[in-house]
Structure formats: structure tokens, C-alpha cells
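Position one of the sequence shown corresponds to residue 54 (the numbering used here), numbered consecutively onward.
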Amino acid sequence: MSRVQLALRVPDLQASIAFYSKLFATEPAKLREGYANFTIAEPPLKLVLVQGAPDAETRMDHLGVEVDTTEAVHAATTRLQDEGLATEVETDTTCCYALQDKVWVHGPGQEPWEVYVVKADADSLAKQKNNTTYAGPAVAEAGPPPPTGAGDCCP
54 MSRVQLALRV
64 PDLQASIAFY
74 SKLFATEPAK
84 LREGYANFTI
94 AEPPLKLVLV
104 QGAPDAETRM
114 DHLGVEVDTT
124 EAVHAATTRL
134 QDEGLATEVE
144 TDTTCCYALQ
154 DKVWVHGPGQ
164 EPWEVYVVKA
174 DADSLAKQKN
184 NTTYAGPAVA
194 EAGPPPPTGA
204 GDCCP
């Protein structure tokens, strides 16, 4: 089953966990230092909370579509490239406490979207290993998509 992902960088992780637990009537599926994610059945949503600066407002970190297989990531990559979008492909990357394969694209306002599959659980929030490739017509014209944040796994 595919579901949309919304990742928020929040100033108070514990207060956010309490709020979203009440809002969606469910507890986090994964809780780690500075990180929580909710697998919400109805509406189908993966809500990710990442600890941000304590004095900052909550902001969107990135958007995503979680899929079931690496093949679905490959199919999305091909479809996005065929549509003329610049892609950034990552294989066997560890981020958000998971081993993942993913493809990134950026919307017209530079909003980052990922299509990803979780292959296994991992012990680290930040990106640990990355095999990245860029493709698509926009890459040749404008260079690669904006890099992901230093030490972060999300742009």
C-alpha cells in the first residue's frame, strides 16, 4: 500500500507527539532520539516529526510517497524522468532510522518530494551511506537538485 508522507521539523518533539497522537488517535510507530513517525491508517498517512531548533516555528521538512518495493521506486524514477523531471536517486541510504532506496524530485517552489521504500530498520537518523545519481534534462540545464542538508537525510 502506498501512502503520502508529511515530515515536519518541530520545536518541541514531545508536545508534537502528544498533539498528533490525539489528532490521529494513534501512538507513534517509531520513537527515537529527536524523531517520531506515525503510520496512520485513516487517512493513509506517514507523519514524521523531526526535532528542530527549540525557538523555531514548525516547518515543512519534506514530502514523500512511501511505496512497498524497490521496484516501485524504480518505476517512479523512470516515470518522473520520462516526464522531464530532474531526479536524485539514492540506494541503500540510511536515514530517518531506516535503510531506504529513494528518488527525489523538487517542485517548482523547490519543495522536496521523495518516493521511497523502507528496506530495514537502522540505528541512525542522519544519512550514513549514500549512492546518489542524478538524471533528467533539467540536470544538464540547471545542475543537480539542491543538496540535502549537512548531516541530514532530508533536504
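All residues carry an ideal CB built from backbone N, CA and C; glycine is no exception.
All values reported here derive from a predicted model rather than from experimental measurement.
Counted as a single uninterrupted DSSP element, the alpha helix (DSSP H) harbouring Val126 occupies residues 123-135.
Around the beta carbon of Leu100, 16 or more other beta carbons lie within 10 angstroms, which makes this residue buried. In the three-state reduction of the DSSP assignment, Tyr73 falls in the helix class. Residue pairing by DSSP places Gln153 opposite Thr146, Val171 in a beta bridge.
Here the alpha carbon of Gly117 sits roughly 17 Å from the alpha carbon of Ala179. Residue state for Gln58 is assigned as strand, using DSSP reduced to three classes.
DSSP places Gln104 within a strand segment (E or B) once states are collapsed to three.
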